[in-house]
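There are 8 protein chains.
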Amino acid sequence: MNENQLRELLDAVRTSRMSLDDAVSALKMLPFEDLGYARLDLHRALRNGFPEVVFCLGKQTEQIVEIMTRLARGDDPVLATRASPEVFEAVKRSLPEAEYNKLGRTIVFQRKPLPKRGGKILVISAGTADIPVAEEAAVTADVMGNPVDRLYDVGVAGLHRLLADLERVQSAAVLIVVAGMEGALPSVVGGLVRQPVIAVPTSVGYGASFGGIAALLGMLNSCASGVTVVNIDNGFGAGYAASLMNCLTGK
Amino acid sequence: MNENQLRELLDAVRTSRMSLDDAVSALKMLPFEDLGYARLDLHRALRNGFPEVVFCLGKQTEQIVEIMTRLARGDDPVLATRASPEVFEAVKRSLPEAEYNKLGRTIVFQRKPLPKRGGKILVISAGTADIPVAEEAAVTADVMGNPVDRLYDVGVAGLHRLLADLERVQSAAVLIVVAGMEGALPSVVGGLVRQPVIAVPTSVGYGASFGGIAALLGMLNSCASGVTVVNIDNGFGAGYAASLMNCLTGK
Amino acid sequence: MNENQLRELLDAVRTSRMSLDDAVSALKMLPFEDLGYARLDLHRALRNGFPEVVFCLGKQTEQIVEIMTRLARGDDPVLATRASPEVFEAVKRSLPEAEYNKLGRTIVFQRKPLPKRGGKILVISAGTADIPVAEEAAVTADVMGNPVDRLYDVGVAGLHRLLADLERVQSAAVLIVVAGMEGALPSVVGGLVRQPVIAVPTSVGYGASFGGIAALLGMLNSCASGVTVVNIDNGFGAGYAASLMNCLTGK
Amino acid sequence: MNENQLRELLDAVRTSRMSLDDAVSALKMLPFEDLGYARLDLHRALRNGFPEVVFCLGKQTEQIVEIMTRLARGDDPVLATRASPEVFEAVKRSLPEAEYNKLGRTIVFQRKPLPKRGGKILVISAGTADIPVAEEAAVTADVMGNPVDRLYDVGVAGLHRLLADLERVQSAAVLIVVAGMEGALPSVVGGLVRQPVIAVPTSVGYGASFGGIAALLGMLNSCASGVTVVNIDNGFGAGYAASLMNCLTGK
Amino acid sequence: MNENQLRELLDAVRTSRMSLDDAVSALKMLPFEDLGYARLDLHRALRNGFPEVVFCLGKQTEQIVEIMTRLARGDDPVLATRASPEVFEAVKRSLPEAEYNKLGRTIVFQRKPLPKRGGKILVISAGTADIPVAEEAAVTADVMGNPVDRLYDVGVAGLHRLLADLERVQSAAVLIVVAGMEGALPSVVGGLVRQPVIAVPTSVGYGASFGGIAALLGMLNSCASGVTVVNIDNGFGAGYAASLMNCLTGK
Amino acid sequence: MNENQLRELLDAVRTSRMSLDDAVSALKMLPFEDLGYARLDLHRALRNGFPEVVFCLGKQTEQIVEIMTRLARGDDPVLATRASPEVFEAVKRSLPEAEYNKLGRTIVFQRKPLPKRGGKILVISAGTADIPVAEEAAVTADVMGNPVDRLYDVGVAGLHRLLADLERVQSAAVLIVVAGMEGALPSVVGGLVRQPVIAVPTSVGYGASFGGIAALLGMLNSCASGVTVVNIDNGFGAGYAASLMNCLTGK
Amino acid sequence: MNENQLRELLDAVRTSRMSLDDAVSALKMLPFEDLGYARLDLHRALRNGFPEVVFCLGKQTEQIVEIMTRLARGDDPVLATRASPEVFEAVKRSLPEAEYNKLGRTIVFQRKPLPKRGGKILVISAGTADIPVAEEAAVTADVMGNPVDRLYDVGVAGLHRLLADLERVQSAAVLIVVAGMEGALPSVVGGLVRQPVIAVPTSVGYGASFGGIAALLGMLNSCASGVTVVNIDNGFGAGYAASLMNCLTGK
Amino acid sequence: MNENQLRELLDAVRTSRMSLDDAVSALKMLPFEDLGYARLDLHRALRNGFPEVVFCLGKQTEQIVEIMTRLARGDDPVLATRASPEVFEAVKRSLPEAEYNKLGRTIVFQRKPLPKRGGKILVISAGTADIPVAEEAAVTADVMGNPVDRLYDVGVAGLHRLLADLERVQSAAVLIVVAGMEGALPSVVGGLVRQPVIAVPTSVGYGASFGGIAALLGMLNSCASGVTVVNIDNGFGAGYAASLMNCLTGK
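Protein chains in written order, with this note's numbering: chain V, 16 to 266; chain D, 16 to 266; chain X, 16 to 266; chain Z, 16 to 266; chain P, 16 to 266; chain E, 16 to 266; chain F, 16 to 266; chain W, 16 to 266.
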């Protein structure tokens with residue numbers, strides 16, 4: 016409910032087209048649907064630019080199916096993340112057109128894809144084991160209407176692999192850099208470009224990687240200016256933020 | 016040295032205008048100046064879009080003065096962060112036009128400010144004690160050529176203070192949200208807008224705030240999509256990243 | 016054994032109705048029953064206002080059944096928490112009237128429920144995945160004789176979902192707010208009410224949530240005054256504390 | 016602005032006593048005063064039951080004096096915490112009636128104290144070094160209109176010191192238990208009473224006390240049901256929460 | 016090899032009963048047996064007062080069987096800790112007289128028990144779930160020749176359960192106090208006795224117990240003087256240390 | 016108040032020599048003196064074997080002087096730890112015979128030293144910087160009536176320095192081993208003796224020593240059986256515990 | 016591409032044997048092969064002295080087989096670490112000559128072993144449970160062409176087991192010391208030798224070993240000069256670094 | 016005392032040139048000098064290849080002067096680290112030839128420098144603020160007889176600064192890489208060379224650098240094989256280890 020709608024409502028009160036009690040109620044009537052265990056934020060696309068996304072961890076399969084089915088009634092694409100193959104099978108029974116990205120563990124349902132915006136989002140991963148998180152980011156950015164490019168396995172211990180694609184790197188509008196272990200890649204990439212770099216630490220590693228803490232701290236302390244960071248393994252968040260940034264292009 | 020310059024150099028070799036030895040040397044000649052204790056990255060503005068910034072912590076006053084003086088020979092603005100009043104006094108003797116922001120502890124030297132870009136960067140702080148970090152962000156964004164707006168002391172325990180300025184909040188191109196203690200403000204702001212939100216945890220707090228860890232973790236775990244995070248107290252990094260994002264506007 | 020009983024005992028000694036040795040023994044005779052592996056605190060209802068609760072983690076099924084059976088001989092309700100379905104099946108064989116809350120993993124056995132006290136306890140959860148902990152709190156408060164209301168999935172990234180029920184929120188006597196991830200909801204709720212708020216961090220989240228540490232720290236650093244905190248996932252403790260607070264109502 | 020006020024406003028619009036534009040503005044006019052660096056929440060007493068409290072850490076002395084002077088224009092008591100003697104001297108020049116608690120580092124300004132409510136709040140400290148935090152809690156509870164009792168230096172390694180005052184302990188409406196080092200006192204107290212216990216960990220200790228972490232963890236893991244916890248050294252928060260709980264008495 | 020043996024060896028050299036080469040070798044001949052993957056310290060009983068104990072975690076079953084069989088050739092009792100039922104089954108096939116303590120997960124093989132020393136070692140546990148660790152301590156102390164007494168489920172939230180057995184508590188020579196969660200029991204016990212108290216934190220708990228860290232820190236910060244601490248869940252270490260202390264009795 | 020005194024009291028009640036009210040009061044009359052900010056545990060020597068010790072950190076100088084003066088009225092030695100030279104100067108004005116150990120920061124007041132017990136307590140330190148903590152332990156053990164020996168600067172990187180004094184090491188009744196950095200010395204010493212070893216981690220070190228955490232963890236994980244641990248820098252606790260253990264000698 | 020190759024390329028341009036476009040491309044042509052999910056660094060042996068090693072964790076079995084098969088086309092040995100038996104079975108089907116070290120979980124494929132260098136690398140382990148990590152180090156050093164010796168189960172609690180082999184210890188060129196728990200062995204070894212010591216902490220232990228953190232911190236704080244450390248359980252890294260050091264021998 | 020000396024001693028016993036008692040004593044006579052608070056390891060040069068180094072932190076100035084004076088009686092160079100200017104002034108009064116490195120805080124006393132060995136040790140630092148630690152490493156390596164080269168301020172965010180000196184980097188025998196913040200430089204350097212790389216994390220940084228933890232973890236998790244790590248800010252340890260490695264050159 017924006018200011019114009021508020022004016023209209025108040026005008027209706029002023030001209031007695033609406034009673035006081037109805038106005039009070041209307042001011043409280045909010046754009047969500049209550050399923051009991053979840054309050055679906057159906058107008059989120061208006062407020063945040065993209066519909067609510069279903070984060071599957073900690074939700075029961077029936078809940079996920081019901082939420083996705085309800086969201087699928089709208090026109091916008093529906094995205095579910097951290098979806099196991101079993102969850103996908105259940106969703107597919109209700110939404111046969113849903114598609115699954117096995118590596119990135121995402122489910123996408125869309126009647127027709129959103130039109131692509133101009134700037135390219137490049138997803139870079141340091142190692143092969145970081146690819147699942149990178150794919151989650153790439154799918155998220157793609158379904159939100161962004162052109163997406165991928166550059167995988169270009170860790171800093173073999174710099175020439177990255178430098179070989181310097182042109183692709185420097186021509187992206189927004190970069191997502193995914194790395195586990197010491198998480199040094201965003202610093203190196205950040206030093207090579209003048210576009211925003213979103214760093215995604217992953218839990219790839221062992222011992223003193225502490226489930227991604229080493230990479231997270233490395234990225235937060237990056238000596239390259241302009242690097243921002245999301246949660247460990249949060250490919251979705253990186254893709255979403257990159258899309259918001261890319262939306263600025265051309266405005 | 017970009018691809019065109021490389022082509023010219025190779026062409027000079029091909030047409031024998033340049034000897035082999037000179038070409039080898041030229042390919043190694045790099046755009047920095049070696050002061051012994053520091054290698055000034057003079058072409059950084061070309062590569063990263065803004066000249067090197069002087070981070071004063073851990074540097075000696077004479078080093079800071081020499082570096083700033085050297086950078087000031089160029090046309091670009093020069094920014095120093097984490098500068099004590101003593102450092103500023105020393106810098107001022109060499110660069111009398113330098114200006115000091117007492118709260119944000121920044122020194123700016125600029126012959127003429129960069130022209131402003133279209134999108135507005137809004138800096139929001141949760142509490143009065145977070146203002147120094149917010150100012151560092153605001154000065155950085157300003158000196159890099161962005162219109163900057165400020166909204167201070169709007170913590171989540173008194174939501175109406177934030178909601179009173181909802182329109183300002185929703186009309187910014189990029190938002191920087193600075194908060195200590197539990198660091199909840201970026202989640203609330205992130206839920207209200209469709210633009211990129213950069214969260215800056217501060218070390219404001221005591222006890223279990225652990226010097227900003229509580230705020231940092233809160234922001235990394237934000238339930239609002241699209242929030243990215245920088246290091247604790249890193250106002251500069253937030254301002255720099257916001258500027259890179261704002262640069263996408265209108266491209 | 017309270018002061019009156021002590022006086023009676025001493026009076027019995029004074030009037031020689033009780034021997035010295037018996038008095039010494041009586042002073043040592045304590046209101047618990049020793050099962051070898053456990054000392055049941057049978058008079059706890061007198062001392063603490065509610066009988067001992069059976070925390071099932073780390074106890075063997077036979078032990079749980081024996082303890083519950085023994086406690087069930089009294090008049091008070093018996094509550095077991097963190098009970099798996101298998102434990103419930105075993106308990107049910109001995110106490111067929113026992114009831115199981117699948118989400119909250121609680122077993123309740125009560126001949127007749129305690130009469131309800133006046134103030135309402137409201138249990139709020141930030142997300143769908145926080146519901147198991149919220150249910151543990153709700154069941155605990157309910158079995159201890161409190162009217163209980165529930166408000167689920169009202170996280171801070173969609174404030175309107177919470178504000179839509181502001182009246183319910185502000186009319187509760189005590190509020191329990193359950194949240195994982197960044198744990199910001201108690202700060203927002205605490206800023207809206209003038210009643211005690213008990214914050215329950217949950218282990219819901221991933222990466223830098225560190226099993227609930229992020230939410231715990233967020234709640235401990237809440238900028239809203241009057242918020243107190245219990246252990247991660249400790250729905251029972253929140254329900255119990257809320258009941259103690261609610262007992263003050265009308266005194 | 017409550018529902019009644021909203022109804023009145025809407026009625027004024029309906030009957031054309033107020034223009035649309037004025038109504039929109041009024042709905043945005045919020046009960047705070049903007050000092051630039053701080054937004055004073057002047058209606059907080061209505062919403063939260065007690066006026067805003069001035070937390071002095073991280074604020075400049077002039078800011079504190081201005082904020083307190085502004086708040087002192089109302090009828091409610093004004094409380095400042097974490098105030099150094101220097102801050103108090105400055106405040107006293109503007110508000111000569113202000114009083115300072117040296118141990119608890121609090122400043123109180125009140126034209127006349129609030130009337131006392133019925134239930135007693137008992138503040139218990141484990142050691143002599145915990146007294147500053149205990150005093151902050153006691154002053155806060157006192158200025159908010161609660162009868163306050165104190166019981167200091169009754170740590171668990173000499174249980175008889177606590178048991179000697181068992182009657183005082185068991186007759187309080189709400190208990191605040193302040194302890195550093197291992198923080199075990201709230202568990203022992205919680206096992207002796209049937210009233211709410213608020214545990215306050217302090218940073219008293221050395222080595223593996225880690226600035227209060229040991230006490231904090233001990234209290235969060237308390238085996239006594241009904242114990243809730245506030246931040247390390249947060250005497251104010253404990254006093255405030257105890258007052259909210261005590262407000263339930265007699266309702 | 017003690018000083019007397021050294022003198023004898025040197026005397027043999029002096030009187031030419033032993034060659035130089037043999038002497039050099041003898042000085043290097045050390046009292047262990049090399050199994051390749053393990054060097055059995057067969058003279059440990061002489062040096063440390065009790066033979067080497069087999070810690071089963073991380074060893075393969077065949078290795079455990081071979082080591083125990085080899086140690087069993089001597090006269091001393093053989094103890095294995097952290098032994099699964101499967102390991103016990105395998106050991107039993109080679110050493111049919113071996114005995115298994117199911118709760119404490121220990122295997123004991125002894126031709127005849129060591130004679131008991133005078134002082135009693137009392138093992139106290141806070142809760143039912145702490146019993147496995149308490150049993151490991153009790154079995155260790157028992158097999159090393161100490162009279163052992165047990166007092167279980169006497170946590171600090173119900174002090175009367177402990178005080179009921181105060182006499183038993185105060186008559187022990189050495190006390191082992193086992194507790195998880197907040198680990199407060201050793202402080203309370205330590206305040207009641209004048210004998211050494213060994214505190215054993217356990218990993219019993221959840222959330223902010225962090226696998227025993229809360230209990231460990233609580234014990235390290237105990238306000239009761241004379242409490243020393245061993246590793247989390249290290250019942251064996253506590254029993255062993257208690258035995259060394261008890262050996263001082265009567266010397 | 017022991018069992019005999021209880022019997023006498025009850026007998027006085029039985030024979031009407033004491034009224035009921037007096038008996039109730041007497042049962043509550045406890046052996047401490049209340050100074051307001053401190054409750055002096057005057058009978059501690061009876062209960063714990065040594066009078067209360069004054070831990071100076073966090074106490075005001077006047078408080079320390081008053082407490083020591085009050086304790087000095089008894090016959091037992093009085094010990095204060097963590098005492099600055101300033102505190103000592105103040106104490107000396109009231110108790111001129113008090114003695115100060117500059118390295119160990121202890122104050123001792125004793126009319127006549129306690130008679131020495133038979134077993135020797137050996138205090139070993141790894142490095143020169145660990146000596147202050149070692150001295151605190153040595154003074155504590157000495158004032159409690161134990162023969163004390165010292166062996167300093169025998170860290171594990173130069174084993175021969177320790178082995179040179181093997182005989183002294185092996186002839187002690189109890190050993191206190193003080194070490195910072197990696198804290199390996201207790202493991203080595205523990206492997207050489209059959210007496211109890213108390214390990215004291217110190218905050219000596221830098222970087223990843225984390226103020227003594229590295230040494231603390233090293234000692235808790237010692238591969239030498241029979242090692243128990245006290246808090247970081249807790250020389251007093253080690254000396255006190257060693258004394259309790261040494262008391263067993265000859266019983 | 017080294018300087019000579021660069022000169023040749025530039026000469027070809029100068030003499031027009033190569034076009035400008037081809038030169039630009041050639042400068043970008045880099046020595047890796049892109050498999051999509053991995054960029055094989057085929058010239059790594061030239062640059063780093065040993066071909067790329069396959070770290071199996073987080074890679075799919077098919078990926079591992081394809082990568083190893085591709086690397087096996089060269090002349091150099093191929094090493095895979097952290098390989099499960101299942102992975103080995105799959106690799107064996109493609110490379111029947113591959114060999115598996117069950118304890119160290121390594122796969123080695125080599126047509127003919129590299130010739131051995133002169134200096135010996137000695138791998139020492141503290142306990143039996145540390146052997147898997149020690150074997151990973153030993154296999155790595157062996158396949159890289161180093162003579163390797165092993166000395167297992169010589170923990171510091173039984174020093175004589177280590178001292179018995181002092182000569183072997185002191186004659187190695189480089190030492191790798193593997194230890195869990197308190198990780199003290201590298202300090203002791205480092206004090207006995209004048210060669211480089213590489214310390215490898217392992218996750219062997221429980222409770223306060225925190226998955227190897229205790230050992231890691233112990234080693235980083237080693238009081239023996241010249242000890243360097245690798246990640247927890249990183250036997251491969253230790254073997255690799257030892258080999259690089261051993262390469263210096265004889266240069 | 017080596018094997019030959021042992022043989023001679025035994026031979027003296029055999030031929031009765033030495034009494035038994037003298038032999039026992041001689042075997043215990045060890046090569047250190049006991050100053051009471053320190054045991055100087057005078058034969059360390061024989062055992063470890065370099066005399067004992069004086070670590071000044073935690074030592075009193077007089078102790079440092081006495082230790083250095085005593086060590087200066089030998090022929091070897093004497094090195095003191097972490098020496099304040101005040102300490103140097105005191106040392107200089109006793110040893111006027113002593114030299115001070117202000118940045119690296121080292122004192123060196125040497126009658127004549129050790130002859131230089133062949134291989135070069137290159138010390139690289141990421142930033143200007145890391146230079147003090149780098150200098151400590153460089154001075155240590157220099158005084159131990161190694162040719163030392165320095166390359167400062169070549170952080171990964173400006174790769175060209177490092178690549179400009181690739182030849183110097185690749186021609187060193189051993190590399191020491193010093194970096195704070197995210198500590199990524201050793202990974203990049205390690206990927207470019209085939210020599211051993213010693214990584215030194217520094218405490219340079221703020222916020223989530225946590226005093227060097229971020230850099231430490233980054234280096235421990237380096238994706239470049241062959242990197243080993245020392246403690247935070249441990250320039251001395253890196254220089255010492257590098258020297259031990261360089262000693263292998265030419266053997």
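Backbone N, C-alpha and C define an ideal beta-carbon position, used for all residues, glycine too.
Nearest residue (CA-CA) to residue i, options the options
| i | options | result |
| --- | --- | --- |
| E182/P | K117/P, L207/P, F225/P | L207/P |
| T217/X | G250/X, V203/X, A239/X, S186/X | G250/X |
| K117/E | P147/E, V171/E, V193/E | P147/E |
Bridge-paired residues (DSSP) for residue i
| i | result |
| --- | --- |
| Y167/E | S140/E |
| N116/F | T121/F |
Listed by chain order, chain E residues near residue i by CB distance under 8 Å
| i | result |
| --- | --- |
| A194/P | Neighbours of A194/P on chain E: none; closest Cβ ~16 Å, over 8 Å. |
Sequence-distant residues of its chain with Cβ nearer than 7 Å to residue i (five each side left out)
| i | result |
| --- | --- |
| R97/W | F70, C71, L72, R120 |
| Q210/F | A187, A188, V189, L190 |
| M44/E | Only weak support exists for where M44/E lies, its pLDDT of 39 falling under 50; the value from the coordinates is given anyway. Hits under 7 Å: none found. |
| G233/V | E197, G198, A199 |
Close beta carbons around residue i, own chain, < 6 Å, minus the five adjacent residues each side
| i | result |
| --- | --- |
| V245/W | V215, G252, A253 |
Per-residue contacts from residue i into chain F (C-beta, under 8 Å)
| i | result |
| --- | --- |
| Q210/P | The premise fails here: Q210/P is roughly 25 Å from chain F at the closest Cβ pair, so nothing lies under 8 Å. |
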